[in-house]
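Peer 1: Before I ask anything, here is the structure I am working with.
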Amino acid sequence: MDARFPWFILLAPLAAAAIIQLITRRSRSLSATLSVASVCFSLLASLFVFFGPDGTSEVPWLDFRPAFYVPMGVTIDGLSKLMLLVVTGIGALVHIYSLVYMEEDESQPRFFGNLSLFMFSMLGIVLANNFAMMFIFWELVGLSSYLLIGHWFTREAAAAAANKAFLTNRIGDFGFMLGILMVWTATGTVVFSEMEARLPTLSLTAGFLTMAVLLIFCGAVGKSAQVPLHVWLPDAMEGPTPVSALIHAATMVAAGVYMLARVSFLVELSATAQTVIAWIGILTAVLAALMATQQDDIKRVLAYSTLSQLGYMIMAIGVSAPGAAMFHLFTHAFFKALLFLGAGAIIHALHHEQDIWKMGGLSGKMKWTFLSFTAGTLALIGCPFFSGFFSKDVILLAAYHRSFFLFALGLFTALLTAFYMTRLFVVVFFGRSRSDEAEHGHDGPPAMTIPLQILAVFSVIAGYGFIANTALGAELTHQVHAIHEAGRATLVMTLATFAFVVGTAGGWLLYKGQAKDPVLIPLFRNKFYFDELYEALIAGTQDLLATISRFLDQWLIDGLLVRGLSGAAWATGFALRFLQFGNLQGYAFLFGLGVVTMIYFIVFR
Amino acid sequence: MIPPLSLEIAVLLLGIGMLLVESFSKSDDKRGLAVTAITILTALVGFSFFTSGNATIDPAKAFYSADPTALFFKRIALITTVFVLVMALEYGSVLTKFIPGVTPGAGLGEFYSLPVFTCAGLMFMASAVDFLLIFVSLELVTISFYVLVAYMRRQSASLEAGVKYLIQGALSTGFLVYGITWIFGLTGETNLSAISQVLHTREIATVPLLFGIMLVLVGLGFKVAAAPFQLWVPDVYQGAPTPITAFLSVGSKAAGFVVLIRVLKPFVAVPGVGEKVIFVLAVMAGLTLIYGNLTALPQDNFKRLLAYSSIAHAGYLLVAVASVNKTDESIGSAGVAVAFYLAGYLLMTLLSFMVLIAVAKHSRGDDILHFNGLAKRSPFLAFAMLTAMLSLAGIPFTAGFIGKFLVFAAAVQAGKFVLVGIGIITVAAGFYYYLRVVAAIYWQAPNDDTPIVVQPITRCAVGVLAFAIFFFGIFPQPILNSLHNVPGPVVRSAQR
Amino acid sequence: MTLTLNHYLLVSGLLFAIGFAGVMLRRNIIIIFMCLELMLNAANLSLVAFSRFNLTLQPNLGPNPLPNYNGQVLVFFIITVAAAEVAVGLAIIVALFRARQSTHVEDINSLKF
Amino acid sequence: MLNLIVFIPLLAAIAILLGAPARKTALGAAVAGFVLSLLAFLSYDKAQGGFQFLSSHSIAPEWKLNYAVGADGLSLLMLLLTGIVTLAAIWVTPKIEKRENLFYACVLFIAAGAAGAFASVDLFFFYAFHELALIPTFLLIGIWGSGERHTAAWKITIYLGLGSFVLLIGLLDLYLAIPEASRTFSLIELQRLAAEGIIPAAAQSRPYFLLLIGFGTLISLFPFHSWAPTAYASAPTPAAMLHAGVLKKFGLYGLIRIALPLLPEGAKVWTDVLLVLLVGNIIYIGLVTIAQKKLDLLLGYSSVMHMGYIFLGIAAFNVVGVSGAALLMFAHGLSIAALFAMAGMLREKNPTLSLNGFGGVARSMPWLAFAFGLAAFASIGLPGFANFASELAVFFGAFRPAAGLSEANFQLATVFALWGVVISAVYMLRAYRAIFMGEPGKDTTSWIDPVKMMRWPVTLLLALLLIAGFAPRVFLAYVQPSVQALLPK
Amino acid sequence: MSPFLFYLFATMTLIFGVAVVANRNPVASALSLVVSFLGLAALFVGLDAYFIAVIQVLVYAGAIMVLFLFIIMLLDLKAEERRKLNLVTFAGGSLVTLAFIAQLWQVLRKFELGQTAFPPLSERTVDDVQNVGKTLFGTHNLPFQVIGVLILVATIGVVVLSKRELK
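Going down the list, the sequences are from chains Z, P, L, C and A. Per the numbering used here, the first sequence runs over residues -17 to 587. Per the numbering used here, the second sequence runs over residues 163 to 658. Per the numbering used here, the third sequence runs over residues 4 to 116. Per the numbering used here, the fourth sequence runs over residues 73 to 561. Per the numbering used here, the fifth sequence runs over residues 282 to 448.
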């Protein structure tokens, strides 16, 4: 296979996006077909590549060698192969699912165009062989995420959410770019492989490394919605549900984890940074889980759960277990996409009702959905023998090896996860139907249920060795095994199972048959007041500064300096005009005064 | 080759001839007189290129020099007079309203012939290298201007201007004469070359010498409208008949500057005196720039605005004069800068006055608002005015820009950065008040829609001036050639 | 006490100052004009004095020392010019008087600012 | 060829003034100019490099003053920009109600001035041509402008007049700092002399300062920027496009072309000051932009803000930074021209352009929403557009500036510049959201997209942005050797 | 010239000069001016400039002053009625004048050559008129011609400005 072959994976969605935007914008079916076809092509090509050899192919993009060089390069190795499969696989399923979900949307072509754009961008991140290129696609996924969140742009909430997502990500990217610049200053390259080769030969100070790694981590904090930049992800649920499934659950938000795994050679160099990363991760996990316990919107619960799971993965990176992180990323992609698509099916069936308290009793009416959702839930809450159980277990084990506190919090999060997912599950599927829509719920057409079923299967089996090992590839598998071999595996597994049982039981007992939430914790319900805090912060800093600056510009620079100076000139002129008062005698006097003064200054000084 | 003095003689003969014809002809129509004068003067401009130098005379005994500078300024005088006469033709109908006369053309003959005599005076000034001739020719010019300024004696503004000019002019003459006295007394010479020799060979008491120089500077500063002796300018310019205002502002100023440069030449080289003279010139330049430009800002009367602008340009010229330096290269040399600036100034000032006359005649007023909507009433005049204003403001591709370019080059070369700084501010002020006219012409709607018609000869002159502004703004070389087409030193009078 | 050049120069300067003061202080134009004549005459006095004392300023005198006649010629010119100036000036002042019935400077300030 | 590029618009303008059909002649001239500049761009022999298409006519032999044109990669890029933006500007011009001839003549004069400045290889004409645009701008804003047009026209004219005069003094100072024997106006000669270090280091500081202020005013360097936003807001669309898109680049071009090679030591003296000022451009103006409530002012301020990045690249004094800056000039020219063009289209619907007066326009004008989105994202530096590629180069160039410059200061400035990227996203997205997203208002629903004919110019601009964004090397291949030649060895 | 005569005539010149300024009546001013000029003419004689002295008396004290008096009479100018004295003008004018005199004093103090006595003159000084004439018509011919033009211009000017009705 030619090393240039992976380019096709990347370019097919771009071609689709471009054609849809420029040519087939008017035709709904053609656009949809094109988009789906492109993603299917990418999936097939990815499969082909997956079983092919590793390799790299690059073309120069910015070329100031020797000073500065940015190629566009695709790299195929274990990591990117895994990600390729996840992205194209879930992407394909979501595309197919969207055919139904977005059927009645008036701007369906735009939706598919943007979806293809997203596929292109995401695949770009996956394939990138250098930091600059990754940053490029990093920004582009931000763009496509913005476009897709804002798909229903006439809704104020959607528009606001889109802006919030983009801006929050930009803040993260600010740090990311700085990090890239720092690393580049030290190594003189942005290409990962060269960087990895050169880093050991340089003697960099610990401070520098910590700084650089943390700045790069900023990018991940933004994209993977870690505390404190997590606020955009729940709001992003304003986008169409397939988007939430694909972008805001399975793929894009995991890009941060992927990126950190990609540069783990760099992360490893700074223990301090690692600690920070791990703690940010676990903090996100715990906080998000707490918030999730009190949400009423089905998608928001899932969104917080995503946050929480991403926290796990980040923590895994922080405890030097990128393999574990990638493992969890892999399994999580399936079950979270499944959960979102399932939620989407419910929402679709209930005519865009998202409040779980207006659902209920759907287990019988939406059989396929119920079954697959169950599989997903079990995988997420770490039910033994489901995929999530294995991957989460590895992370907890890795955390245990590093720090007991991390482990304890991780365990607590697992418990909470079980709790809130059970809450969701029970409230949605059991009990009485609490609204008319819920009464008439029904399964979607096959294009909707089949992706659910496929994902359900994977949610169950993705954790098992024969799949996981293949998918993760030799190196990552080796890492995972290494964690297991480090000991205490049984203890951790037992504790995890215990957490699962306690959480599930708690949720079941508390919410069984409830018509409204028996627990009210304002702090959790209001998401720890992060939004309010930020709003105040933005109003207090940025907007205030902007107003002040505008005031300064208007009154100081334009007013005092520009208008003031020109006004002063005018006024001087106006004043001088009074010398010209028309009286001859006065002129003679001024003349004489001039003479005497000038003589004084010239002759006598 | 024509002997140089014959130019002046021809002009004088022309003037006397005009007076004779005026006295003895029966015709009431004096237009022919002016047209003849215009033709002959134009021809003389041509002849001026074929004059021979006066290399044989001992410069220490000469009154009269026919060096290239002199010739250049003679041409300026001739050309100015030509255009002033064209303006006078256009202005004739206005003028006769304010002269008591029995016949329709009464007083016009003299009005056409006096500028010719003034022109002769200006030409003498251009050549004068002796205080005696300087004084006499200067007075010839001044006295004829007294008459011309007060010419419209039924209009009290004209008379008022005449009186103001008379008194202040006489005052300045008094200072000039007193200053000449001191210089003569100290050196025993009136000839500038001789003075220069004396200054080089003998010790002269510095304080009295400076005193004398200062007094002379007062007199000459008055003529070129340099602050603080500029107060007469706006009143006189506003009151005088417009062609005469133009003549004053171009001819008188040009001749004043050539005299100033010639007079200063012997002194700037004297240690202990030169620096102070340069300093006082710089101070005057700065004051003039500030006064002329800033005072023009709130001005609503266009004629008065041009008066302030005339002061302003005197300021730029003084900057060049104050930047006298050793370099002989063209760019950065003060002499070339002054000469070129004056040539450009001639074109743009005459053009703006010419348009002013045409517009004022039809709009019955010479405020800026009378120019409102000129672009609709007469696109040709509007464009001409635009050209003039651009050149006055110093926009590239106009002669005015090259002038400013050279002036500031000289100033930078001489390291006069304070002056340059003032210049920058005043140039910006200039943008404002010149473009106010452009704004009136192009932005505003006309107050009345009647188209403006001008005489063919005026139209032709306007066209020539506008073309010349652009032509010399792009191809300065002809003027440079004209500055040194005669063998001998370039305009180096300002240099040692 | 012998007379020196400075005596003459002082007289001349005082005369000049008196004339100048008159220009600045008097409000009748004709008198102002007369004061201007005074100033010119002050210059004349200096010129003649310098012309006469010329000899002392040039150490290498010839066998037949003469006053510097250039100065006297200049005086002659100044007087002539002054005459012409007075003629024209008075003509203007008369015309002005006819127009405004006044020769007072404060009455002729319609042109200003 | 270059003579044609300069003189076609000039002659067309004169023809229009003399009564030729205005729009047709103007459009014809613009097309011809664009085609010619494209031809010149494509036929430039990159292998040979240096200045090509030279032609020279002596103007004043005594001063060694020539009308001389010629182009290297950098000037060709700028000429191409001029050609495109001119074409687009004239194309998008809506029907002019009053004095159409004067309008088009003014626009063409601006175009000719810009083309002349970029094509000149003579210092005098380089300066003079730029000034050609001053008065047409004054007339365009004053007669056909909107809002407080008179104030704006006065401000821009006086301010730019002042700035260009400072510039003139700077150029004179520079010229006179060269030893008398080798003084020349020829940029090519000067470049050669620069290599010999003709100006002593001690004499470089003052001219550089003057040039910085002079050019800086033309570029709207903080704090000399306040003419720009109001002028752009009030100017008729083509004037704003040409001014913000092309003319402003003159100053930057001048800094690269003149100050960079001739005054490297002077530049070092003022680098720290420049850094402070450009951070002022980026952060301070960025914040001011956030506070704007009208689209035209917002775009005006944003164009001021983006100048900071270009300055950063130039200040870095290395190939990466300066080439990036040069490409950014091109990119910014295209994107801001496109934005102003579309702001003009919106102005036809809502004359005040107040952000509150829109909402949900994307529904009624999907094409405009799409195109505006592209231009907006280009301007805030999203990958895929030329702006990003060049900004990237600028950042990398500035993070490791040329030897002898303070790395720490540059890195700090880069941090601010990066934060500026966030700021620009804030205001652009706010504006985009206010205009195109949200609940459609009563008026907005009846609006319709511009007709196909009018979409082409914007499409052209955006297409070029994308091409240059995907393949910046195509353009850098022109710029980089030129910059390399200009930088001191 | 004996110092006594010098002081006499100098005082006369100056006092009547002051009288020109100080007199309220224009006629008195004009007559004072005549006397002042006569004093000046006497000083000229003392300086051996006989020709100039004669011209001074004839042209200045004679012709010009007669013209002045004639005009004053013609216009029937009364003594300036006591308008309120403009204190500012008066104070300012006086100050400037005093400052000028002070400066002059300083200049003269610094002018050492001016402190020498009368130099001897050759006998040919008695040919004063001849010498002046030679200079005037010989070397100074050109300015003299220009003066002629000047007078012509002045004549025309006076005619144009004064004639009641131009033809």
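Beta carbons: idealized from backbone N, C-alpha and C, even for Gly. None of the values given here were measured: they were computed from a predicted structure.
1) How many angstroms separate the CA atom of residue 547 (chain Z) from the CA atom of residue 557 (chain P)?
2) Check each candidate in A:384, A:377 and A:433 and name the one with the smallest Cα separation from residue 573 (chain Z).
3) Please tell me whether residue 439 (chain C) and residue 163 (chain C) are closer than 8 Å, where the distance is taken between their beta carbons.
4) Exposed or buried, what is residue 558 (chain C) when buried is set at 16 or more other beta-carbons lying within 10 Å of its beta-carbon?
5) Report yes or no: do three or more beta-carbon pairs, one from the segment 507 to 520 of chain C and one from the segment 428 to 438 of chain C, lie closer than 8 Å?
6) Determine the chain L residues that contact residue 343 (chain P) at a beta-carbon separation under 7 Å, and present them in chain order.
7) List in chain order: all unbroken beta strand (DSSP E) runs of 3+ residues lying wholly within the segment 387 to 417 of chain C.
8) Comparing the C-beta of residue 13 (chain L) with each C-beta of chain P, is any distance below 8 Å?
9) Using 8 Å as the limit for Cβ to Cβ distance, is residue 37 (chain L) near chain Z?
10) Under 7 Å Cβ-Cβ, which residues of chain Z neighbour residue 380 (chain A)?
11) Taking 8 Å as the CB-CB limit, is residue 651 (chain P) close to chain L?
12) So, is the C-beta of residue 220 (chain C) closer than 8 Å to a C-beta in chain Z?
13) Under 8 Å, Cβ to Cβ, is there at least one residue of chain Z near residue 568 (chain C)?
14) Which residues of chain A have a Cβ atom closer than 8 Å to the Cβ of residue 89 (chain L), listed in chain order?
15) For residue 106 (chain Z), which option in Z:521, Z:92, Z:123 and Z:95 has the closest C-alpha, if you only look at C-alpha atoms?
16) When the Cα of residue 210 (chain Z) is compared with those of Z:79, Z:199 and Z:-7, which residue comes out closest?
17) How long is the line joining the alpha carbons of residue 170 (chain P) and residue 193 (chain P), rounded to whole angstroms?
18) When you compare the segment 197 to 209 of chain C with the segment 177 to 186 of chain C, are there three or more beta-carbon pairs, one atom per stretch, that lie closer than 8 Å?
19) Do the segment 227 to 238 of chain P and the segment 558 to 570 of chain Z touch if we need at least three Cβ pairs shorter than 8 Å?
20) Using a Cβ-Cβ cut-off of less than 9 Å, give me the residues of the segment 113 to 133 of chain C that come near chain P, in sequence order.
21) Just grab the DSSP bridge partners of residue 55 (chain Z) for me.
22) Just checking: is the beta-carbon of residue 138 (chain P) within a distance shorter than 8 Å of some beta-carbon in chain L?
23) Could you tell me the boundaries of the alpha helix (DSSP H) in which residue 125 (chain C) lies?
24) Starting from residue 311 (chain P), follow the beta strand (DSSP E) in both directions and report where the run begins and ends.
25) Which residues, in chain order, does the segment 399 to 427 of chain A contribute to contact with chain P at a C-beta distance below 8 Å?
26) Within a Cβ cutoff of 6 Å, which residues of the same chain sit near residue 319 (chain P), ignoring the five residues on either side of it in sequence?
27) Counting only beta-carbon atoms, is residue 490 (chain P) nearer than 8 Å to chain Z?
28) Just checking: is the beta-carbon of residue 626 (chain P) within a distance shorter than 8 Å of some beta-carbon in chain L?
29) Decide yes or no for the touch test of the segment 332 to 351 of chain C against the segment 504 to 515 of chain Z: beta carbon pairs closer than 8 Å, at least 3 of them.
30) With a threshold of 16 other CB atoms inside 10 Å of the CB of residue 730 (chain P), please say whether the residue is buried or exposed.
31) Can you pull the chain P residues whose beta carbon is under 7 Å from the beta carbon of residue 268 (chain C), in chain order?
32) I believe residue 24 (chain L) touches residue 374 (chain A) by the beta-carbon criterion, under 8 Å. Please report the beta-carbon distance rounded to the nearest angstrom.
Peer 2: From the atom records:
1) As a position in the first sequence, residue 547 (chain Z) is number 565, starting the count at 1. As a position in the second sequence, residue 557 (chain P) is number 395, starting the count at 1. Taking the straight line from one Cα to the other gives about 23 Å.
2) Here residue 573 (chain Z) refers to the residue found at position 591 when the first sequence is read from its first residue. When each option's Cα is compared against that of residue 573 (chain Z), the closest is A:377.
3) Here residue 439 (chain C) corresponds to residue number 367 of the fourth sequence, with the count starting at 1. Here residue 163 (chain C) corresponds to residue number 91 of the fourth sequence, with the count starting at 1. Cβ atoms of residue 439 (chain C) and residue 163 (chain C): not closer than 8 Å.
4) Looking up residue 558 (chain C) in the fourth sequence gives position 486. Counting Cβ neighbours within 10 Å, residue 558 (chain C) comes out buried, since at least 16 surround it.
5) yes
6) Along the second sequence, read from residue 1 onward, the residue named residue 343 (chain P) stands at position 181. Near residue 343 (chain P) (Cβ distances below 7 Å), the residues of chain L are 46, 49, 50 and 53.
7) none
8) As a working note, residue 13 (chain L) is residue 10 in the third sequence. So, not an interface residue.
9) Here residue 37 (chain L) corresponds to residue number 34 of the third sequence, with the count starting at 1. Chain Z, which has no Cβ nearer than 8 Å to the Cβ of residue 37 (chain L), makes this no.
10) The residue labelled residue 380 (chain A) in the question sits at position 99 within the fifth sequence. Chain Z residues near residue 380 (chain A): 578.
11) Residue 651 (chain P) sits at position 489 when you count from the first residue of the second sequence. Residue confidence is low: residue 651 (chain P) scores 32 on pLDDT, short of 50, so the model does not pin down where it sits. No coordinate-derived value is stated.
12) Walking along the fourth sequence from the start, residue 220 (chain C) turns up at place 148. Residue 220 (chain C) does not count as touching chain Z.
13) The structure shown does not extend to residue 568 (chain C), since chain C spans only 73 to 561, so no value can be given for it.
14) In the third sequence, the residue the question calls residue 89 (chain L) occupies position 86. Going along chain A in sequence order, the residues near residue 89 (chain L) (Cβ under 8 Å) are 345, 348 and 349.
15) Here residue 106 (chain Z) refers to the residue found at position 124 when the first sequence is read from its first residue. Per the Cα distances, Z:123.
16) In the first sequence, residue 210 (chain Z) corresponds to position 228, counting from 1. Nearest C-alpha to residue 210 (chain Z): Z:199.
17) The count along the second sequence starts at 1 and reaches residue 170 (chain P) at position 8. The count along the second sequence starts at 1 and reaches residue 193 (chain P) at position 31. Cα to Cα, the separation comes out at about 23 Å.
18) yes
19) no
20) 130, 131, 132 and 133
21) Position 73 of the first sequence holds residue 55 (chain Z). In the DSSP output, where bridge partners are listed per residue, residue 55 (chain Z) has Z:40.
22) It is not possible to answer for residue 138 (chain P), since the shown part of chain P is limited to 163 through 658.
23) As a working mapping, residue 125 (chain C) is identified with position 53 in the fourth sequence. No alpha helix (DSSP H) contains residue 125 (chain C), which is instead part of the beta strand (DSSP E) from 124 to 132.
24) Locating residue 311 (chain P) in the second sequence gives position 149, counting from the first residue. Element bounds for residue 311 (chain P): not the beta strand (DSSP E) but the alpha helix (DSSP H), 293 to 311.
25) 420, 421, 423, 424 and 427
26) Along the second sequence, read from residue 1 onward, the residue named residue 319 (chain P) stands at position 157. Excluding residues within five positions, the ones whose Cβ falls inside 6 Å are 401.
27) Taking the first residue of the second sequence as position 1, residue 490 (chain P) is located at position 328. For residue 490 (chain P), the predicted structure reports a pLDDT of 49, less than 50, and the residue's modelled location is therefore unreliable. The matter cannot be settled from this model.
28) Within the second sequence, numbered from 1, the residue matching residue 626 (chain P) stands at position 464. Residue 626 (chain P) does not count as touching chain L.
29) no
30) Residue 730 (chain P) lies beyond the range of chain P shown here (163 to 658); nothing can be said about it.
31) As a first step, residue 268 (chain C) must be located in the fourth sequence, where it is residue number 196. Under the 7 Å cutoff, chain P gives no residues; its nearest Cβ is about 20 Å from residue 268 (chain C).
32) Along the third sequence, read from residue 1 onward, the residue named residue 24 (chain L) stands at position 21. Along the fifth sequence, read from residue 1 onward, the residue named residue 374 (chain A) stands at position 93. That belief holds up - the Cβ atoms of residue 24 (chain L) and residue 374 (chain A) are roughly 6 Å apart, short of 8 Å.
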